[in-house]
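Following: one structure in structure tokens, then a few remarks.
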Amino acid sequence: MRLTNLFLLIFVLSAFAIGAAVHDSDDETINSAITNATITINNISLAESNETYANGILRITENYMKFVGIAVMETMRMGIFFGKDNPDYFEPDFISKIIKLLIWLAIISLLIQPLFYVGIFIIMSFLWLKDIIIKRKAKKFALHESEEQQ
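When you read off a place in the sequence shown, starting at 1, and then add 3, the result is the number in our numbering.
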């Protein structure tokens, strides 16, 4: 689990917690707040320049910003409504267990690559020792053969 995935997961969990906090409010308040934010995102426009290449890049950037903004708002809406419908999941004990689990997952995921390198180092060391032992045996065998021939 990479750190960006961890941050995204914490973002979704915070949306769930917001939904649990607004458990008693009505759905229209939540919908109007998120709809106003979505309208604000749709009103983003970048200044047009005289160069045609710059216009294309600005248009692509503008569409990307709108896509990301709407995706974040819809994820937030989904998280808030899930938290609103299931407030029992978001008691402090449950949240602390989830955060501990996420921290352990982050630590393990960060240790996977170094542990892989340590394993390769150990295997290479054993191969090196095996090579040394085989060479010594061959050398002793060659010395023993030469002594028998004399």
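Quick reminder that beta carbons are idealized off the backbone N, C-alpha and C, glycines included. If you're wondering where the values come from, they're calculated on a predicted model, not measured in any experiment.
Check: Inter-residue spacing [alpha-carbon to alpha-carbon] between ASN46 and TRP107; Outcome: 41 Å
Check: HIS26 to ASP88 span [Cα, whole Å]; Outcome: 7 Å
Check: Contact check, ALA40 vs GLY86, beta carbons under 9 Å; Outcome: no
Check: Best match in ASP29, GLU31, ASN58 and MET68 for proximity to ILE44 [C-alpha to C-alpha]; Outcome: MET68
Check: Where MET79 falls, given that 16 or more other Cβ within 10 Å makes a residue buried; Outcome: buried
Check: CA-to-CA distance, LEU113 to PHE97, given in whole angstroms; Outcome: 24 Å
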